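A short write-up of the structure that comes next.
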Amino acid sequence: MTDPSAVPDDHSLDGLRQRLSRFAAARDWQPFHTPKNLAAALSVEAGELLEIFQWLTPDQAAAVMSDPDTAHRVRDEVADVLAYLLQFCTATGVDPLAALAAKIDRNELRFPAPGRSDGPRKSD
Numbered sequence: 058m059t060d061p062s063a064v065p066d067d068h069s070l071d072g073l074r075q076r077l078s079r080f081a082a083a084r085d086w087q088p089f090h091t092p093k094n095l096a097a098a099l100s101v102e103a104g105e106l107l108e109i110f111q112w113l114t115p116d117q118a119a120a121v122m123s124d125p126d127t128a129h130r131v132r133d134e135v136a137d138v139l140a141y142l143l144q145f146c147t148a149t150g151v152d153p154l155a156a157l158a159a160k161i162d163r164n165e166l167r168f169p170a171p172g173r174s175d176g177p178r179k180s181d
């Protein structure tokens with residue numbers, strides 16, 4: 058059993074959520090961190106990630122991480138997307154890992170692997 062008074066590792070999901078909350082609180086940003094605003098910010102950051110890949114061929118897109126400057130931009134945008142997603146989850150009370158696990162469970166039933174007969178098909 059873990060000690061409930063222990064501070065989470067700042068690289069754990071809970072630790073990162075706490076760091077983001079402390080960061081926003083220290084700047085009095087909580088009034089602006091509404092679900093609507095966080096969802097909008099998440100969308101903007103996802104668009105900035107997409108912008109890096111816009112107009113690239115599939116081969117160019119696959120090689121993006123081999124360029125140090127572009128790889129840095131990708132990592133920054135991924136961090137921004139994740140930060141806003143975690144803040145959105147905090148604001149709405151969504152457990153992102155539980156939500157993802159439940160979604161995968163539903164998708165496994167909805168879209169069974171080829172050759173399996175259990176669950177509805179995509180065309181259902």
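Just so you know, we're using my numbering here: the sequence shown kicks off at 58 and counts up by one. Where is the CB? At the ideal position from N, CA and C, for every residue including glycine. In this text the structure is predicted, and so the values were computed from the model without any measurement.
Burial is judged here by how many other beta carbons sit within 10 angstroms of a residue's own beta carbon; VAL138 has at least 16 and is buried. Beyond the five residues adjoining it in sequence on each side, PHE145 comes within less than 8 Å, by CB distance, of PRO92, LEU95, ALA96, LEU99 and VAL151 in the same chain, given in chain order. In the three-state scheme derived from DSSP, where H, G and I count as helix and E and B as strand, ARG84 is classed as coil.
Around the beta carbon of LEU154, fewer than 16 other beta carbons lie within 10 angstroms, which makes this residue exposed. In the structure shown, PHE145 falls within a helical segment according to DSSP collapsed to helix, strand and coil.
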